[in-house]
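Going by full-length UniProt numbering, the letters in the sequence shown line up with residues 1 to 674, in that order. Cβ coordinates follow ideal geometry from the N, Cα and C atoms, glycine included.
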Amino acid sequence: MNKKRTGIISVLISGILLVMTGCGSRQQVEASDSIELLEPVSAAANTEAAAYRNIYEYKVLAGTVYPYIREYSFTQDVVLTKYEKAPGDRISKGDLLISADISSIEQQIKETEEKIEQINDDYNTAVEEMEKNIQEEKNQKENEEEETEQDKLNERGWELEKNHRYELYTLDISYYTDRLEALKKKKTAYCLTSGMNGVIVSAGSYMPGTYIAADTPLIAVADESQKILKCEYVSKSDVAKCEDLYAVIDGKRYEVTYQPYDQSVYEKITTEGNVAYSSFVIEDPNNEVEQGDFAVLAEIYSRVEQVLSIPKSAVHKDAKGAYVYCVVNGESKYTQVKTGKDDGTYIEIIDGLKEGDLVLLSENNLPGDNTAEVKRGDFSSEFEGSAFIAYPISDSVINPVSYGTMYFTEYQVELFQTVKAGDVIAKVHVENDEAELLEKQLQLQRQTERMADAVEAGESENLLAGRQKTIDKLKNTIMEMQQDADTVTITAQTDGIIFWLADLKAEDEIEQGAAIAMIAESSNCFLTVQNENQQLNYGNTVQVEYNDLNQVKCQTEGKVVTSGAAGLTAGLKSEAAYIKLPQEVLDVIVENTLQGNTDYYRNSQFEVRTEIRKMSNVLLIPKQAVKEKNGNTYVYIKNSDGTVTAQSFIAGGSNQTEYWVLEGLEEGMTICLE
């Protein structure tokens, strides 16, 4: 240091205190513009003593405990018929989850079965005719004295024809039999079943009749026996760098095992613009962890305990290396130092200083005069929201007729009305296709006449049976056409609540199979509450306030039965959470609607409250005691001799009033407030 600079600094810092003697003591000192990195603040505020403290390099991530979740989708494009299971339902392997419209595939199966039947009938008839002809040839030969060459050719011809017919028959019957088996196998793919035991934790909001593309996630099943911490993405390299890696759940430490993504899966998630979350399997031998518990993941890259350190802002660099300004006898002294690890706020001093040496700072770091004590307690935040009634499982009320044209007359129900199976939903009328009906009647008449002629001619039983099948089919078709023409109402096929009605007016045509109403299953009643920040997760318990039948305020507990976003792919993620209520409360909701109180469904609002981010028996410190810099947290500790020492610590999280501590502080410590 040159003499001029030394002289200026010596004048400026005369009177600087050598030791911080309490929370908030200050002494003003003037500063010169010619001194870099120094602010014109009090001398006491611009110094700090070198002290032994812990230095951490770490990252703390908030997370949640999730079960193992598997999503299900159809392997082919389908039209959705119905969700057979709802969130919270317990299921077994093989249970039906979702059904799709199989009318098209059933029609193909029916046509193929009829084709096989026709092939068999045609073949049997042909064989019968050929055998009859062969027998006639034989009878004729017996009456002749000598078999002619033509007789031999005729007999041989019939045998060749019979063999040829058989070959064609086997080819045709094999093709259509294989096709029938393939169609039946394909039909099973229209029923989505579970491949595991578990519980439903998510279901898409698709309505019956919705076209669903193949591989669209529709429903999710969870295995609660597995407990997995999910948090924001952590790379393999970050995990490999960790000196210590653990989770804290409800105030207790748990060991975890990292589950990395397959590279192809990770690339697919990120290239599609979705969020990748990391998974850590939780070791819970005593089965203390609950699904939905708040958790934090502590990634400790470096933990250096009780090393001599000073504020990083006190260290400068020149051509010789790192240096500080030490305060000695009221004067500043250029002092070279050798540094080690740092946490962004404090840096390890390997050589050049000793405990108690004062260093000149470039900023004011002194705390205030008041103090508080590090104590143990419970930490949490509050969730509050308004919830509404939801019925996720529904059935379509459709035009059931196959023949003729249906026209709407009027509805017999209104929105949110409770109905039972068999109740009339709408009045309609059907105009039959008279030309088609007449054609079928004429076909029946002709087939009946031919049948009579065949009986009189002594036709074989096989041929007569085939004719009778044709007659029976025509009779059934005519009967169905006449029944459809007599249709004047459409009725409910299930109990529930009307929550959608098609926009129809008198004489509007209703297409075959078109839905005119949706009926929600009242037995599957939930509350739905907005959950944009994913603060609620499967397994959480919430407090719910509602009105009973007398409109008196009551309270009950509910369970969150849907998974948060980290457990699901983008197709099933939702900003709403489903809450399952006790049966006696559900009975109140249903009874209100049964009494015709449709406004109860439409307007009822339920208040939901619960504690979130909960930790029990953890170290707590007031928020006003904590300083945060470069993502690291520290406090000023008041020692028994009255001196004050800054101490880094690892924070688990904070709310509006306090922080909770993962590492670095001890119960009973006195800390200074701002």
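Whether residue i touches residue j by CB criterion (9 Å)
i: TYR659; j: ALA646; result: no
i: GLY340; j: VAL618; result: no
i: LEU581; j: CYS525; result: yes
i: ALA247; j: ILE300; result: no
i: VAL608; j: ALA492; result: no
i: ILE228; j: ASP395; result: no
i: ALA566; j: LYS268; result: no
i: GLY571; j: THR210; result: no
i: ASP508; j: TYR407; result: yes
i: ASP77; j: ALA203; result: no
i: ALA49; j: GLU348; result: no
i: ARG165; j: VAL127; result: yes
i: TYR261; j: PHE280; result: no
i: LEU527; j: VAL544; result: yes
i: TYR323; j: ALA220; result: no
i: GLY564; j: THR64; result: yes
i: LEU61; j: LEU192; result: no
i: GLU521; j: THR494; result: yes
Option in the options with minimal Cα separation from residue i
i: ASP357; options: GLY344, GLU373, SER332 and CYS326; result: CYS326
i: VAL635; options: ASN133, SER604 and GLU674; result: GLU674
i: PHE388; options: GLN226, ALA577 and VAL430; result: ALA577
i: ALA517; options: ASP508, ALA506, ILE490 and TYR72; result: ILE490
i: LYS614; options: ASN655, GLY642, ILE621 and SER574; result: ASN655
i: ASN432; options: SER402, VAL419 and THR409; result: SER402
i: SER103; options: LEU568, VAL79 and ARG467; result: VAL79
i: GLU666; options: ALA421, MET451 and ARG376; result: ARG376
i: GLU373; options: LEU97, PRO87, LEU620 and GLY321; result: LEU620
i: PHE74; options: LYS82, ALA189, ALA220 and TYR66; result: ALA189
i: PRO367; options: SER648, GLN624 and GLY94; result: GLN624
i: GLU224; options: THR633, THR562 and ILE589; result: THR562
i: THR657; options: LYS338, THR633, ASN630 and VAL626; result: VAL626
i: GLU123; options: ASN139, GLU167, PRO285 and LEU245; result: The sequence given here places Tyr at residue 123; Glu does not occur at that position. When each option's Cα is compared against that of TYR123, the closest is GLU167.
i: LEU586; options: GLU557, ASN163, GLY458 and LEU61; result: GLU557
i: ALA319; options: GLY631, GLN336 and GLY330; result: GLN336
i: VAL256; options: LEU245, PRO400 and SER264; result: LEU245
i: SER278; options: ASN287, ILE310, VAL289 and ASP238; result: ASP238
i: VAL560; options: ALA421, GLN530, CYS554 and ILE119; result: GLN530
i: ASP89; options: TYR58, ILE393, ASN287 and TYR266; result: ILE393
i: TYR334; options: ILE350, VAL315, ILE510 and GLU232; result: VAL315
i: GLU511; options: LEU662, ASN399 and GLU532; result: ASN399
i: ASP121; options: ASN462, THR494, GLU521 and THR569; result: ASN462
i: THR81; options: GLN482, LEU218 and SER92; result: LEU218
i: ILE69; options: GLY330, GLU414, GLN468 and SER194; result: SER194
i: ASP369; options: ILE637, TYR83 and ASN286; result: ILE637
i: ASN533; options: ASN550, LEU549 and LYS573; result: LYS573
Expected contact under 8 Å - CB spacing of residue i and residue j to nearest Å
i: GLN417; j: ILE498; result: 5 Å
i: VAL430; j: THR477; result: Not quite, the Cβ-Cβ distance comes to about 16 Å (not below 8 Å), so this is no contact.
i: GLU410; j: ALA506; result: 7 Å
i: LEU353; j: THR47; result: Actually they are not in contact, since the Cβ atoms of LEU353 and THR47 sit about 13 Å apart, beyond 8 Å.
i: ALA502; j: ALA485; result: About 22 Å separates the two Cβ atoms, so there is no contact after all.
i: GLY344; j: LYS317; result: No, GLY344 and LYS317 are not in contact; Cβ-Cβ is about 17 Å, not under 8 Å.
i: residue 685; j: ALA454; result: Nothing about residue 685 can be read from this structure; the chain reaches only from 1 to 674.
Chain C within 9 Å of residue i, Cβ atoms only
i: LEU474; result: Although the question refers to chain C, the structure presented lacks it and comprises just one protein chain.
Residue i Cβ short of 8 Å to the ligand MG heavy atom set
i: TYR325; result: This structure lacks the ligand MG, and indeed carries no ligand of any kind.
### Task
Answer yes if the segment 293-309 comes into contact with the segment 264-276, meaning at least three C-beta pairs across the two stretches below 8 Å, and no otherwise.
no
### Residue ranges of each alpha helix (DSSP H) within the segment 618-663, 4 or longer
none
### Task
Identify every run of the alpha helix (DSSP H) within the segment 421-478, keeping only runs that are complete inside it and at least 4 residues long; order them along the chain.
434-456
### Query
Would the segment 439-455 and the segment 531-546 be scored as touching if the rule is three or more Cβ pairs under 8 Å?
no
### Task
Check whether the segment 462-473 touches the segment 382-399, taking contact to mean three or more Cβ pairs, one atom from each stretch, closer than 8 Å.
no
### Query
Are three or more beta carbon pairs between the segment 191-211 and the segment 165-174 nearer than 8 Å?
no
#### Entry: the segment 107-114 contacting the segment 179-186, beta-carbon criterion three pairs below 8 Å
yes
### Query
Quick one: any contact between the segment 417-432 and the segment 636-645, if contact means 3 or more CB pairs under 8 Å?
no
### Message
I want to know whether the segment 51-61 touches the segment 306-313 - three or more CB-CB distances under 8 Å.
### Response
yes
### Query
When the Cβ atoms of the segment 123-136 are set against those of the segment 92-102, are three or more pairs found closer than 8 Å?
no
### Complete beta strand (DSSP E) runs within the segment 149-236 (minimum length 3 residues, chain order)
191-193, 198-203 and 219-232
### Message
At 3 residues or longer, what runs of the beta strand (DSSP E) sit wholly inside the segment 246-310?
### Response
252-259 and 277-282
### Runs of alpha helix (DSSP H) wholly within the segment 34-117 (minimum 4 residues, chain order)
none
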